[in-house]
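See below for the structure under consideration.
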Amino acid sequence: MNTRTQNGFTPVDPDLYEAAFRLLDPGPLPAAPQAPAAPSLVPSSALPAHRPGPVEKTLSDALGFLDTHGWARHSLIHPEGARCSIGALRAAAGARNTAYRDAGNLLLDEARRQHGKKWQTIPHWNDSHTGAQVRSVWEAAIHRAHHLNI
């Protein structure tokens, strides 16, 4: 193989280019005031608003009910107004309709995911856990309903 290491170019003084550019460009121009950058995102008013499905709405309303009135164990409705998870679901749904059943099924499924498959009903699961554990399941169920758009 024959590779030439000599390219045959005449070496150029690097300072020559610098001197030529200084003659062409006498100095930096004063900086112009910068206009604020235009936002690259679409304004939120132009995006379609999220409309929760009936299951997500039922779960969210029930958790809101628990936040407002309190959470209870061993009682559907506590004398002071707090409710257990199933009581909050019933209050949020207003009736034992499809959204109520689907929300309950999703909540129980999430309870089983987090706390084991042994739970047969929401009241038994609710009564056997702390408020923080119950809230964690509610939040995860709402997140799943949102993700599933139901």
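All the letters of the sequence shown, read from the start, carry residue numbers 11 to 160 under the numbering used here.
Where a beta carbon is used, it is the ideal one built from N, C-alpha and C, also for glycine.
Does the beta-carbon distance from Ile96 to Pro62 come in below 7 Å? no
Rounded distance between the beta-carbons of Arg93 and Ala82, thought under 8 Å: 6 Å
Please identify the residue among Asp71, Ser70, His157, Ala151 whose C-alpha is closest to the C-alpha of Leu117. Ala151
Keeping to the same chain, check which residues put their C-beta closer than 6 Å to that of Leu69; ignore five residues upstream and five downstream. Ala113, Ala151, Ile152, Ala155
Straight-line gap, Ala59 to Leu158 (C-alpha atoms, nearest Å): 16 Å
Which whole-angstrom value is the C-beta distance of Ala72 and Ala98, which I expect to be below 8 Å? 4 Å
Quick check on Trp129: does DSSP put it in helix, strand or coil? coil
Based on DSSP bridge pairs, tell me the residues matched to Trp81. Arg93
Using a threshold of 7 Å, state whether the C-beta atoms of His84 and Asp119 are closer than that. no
Report all residues from its chain with a CB closer than 6 Å to the CB of Gln124; omit the five preceding and five following residues, and keep chain order. Val147
Rounded to whole angstroms, what's the CA-CA distance from Ala103 to Thr78? Just pull it up for me. 16 Å
DSSP three-state label for Ile87, please. strand
Secondary structure at Gly141, three-state DSSP: helix, strand or coil? helix
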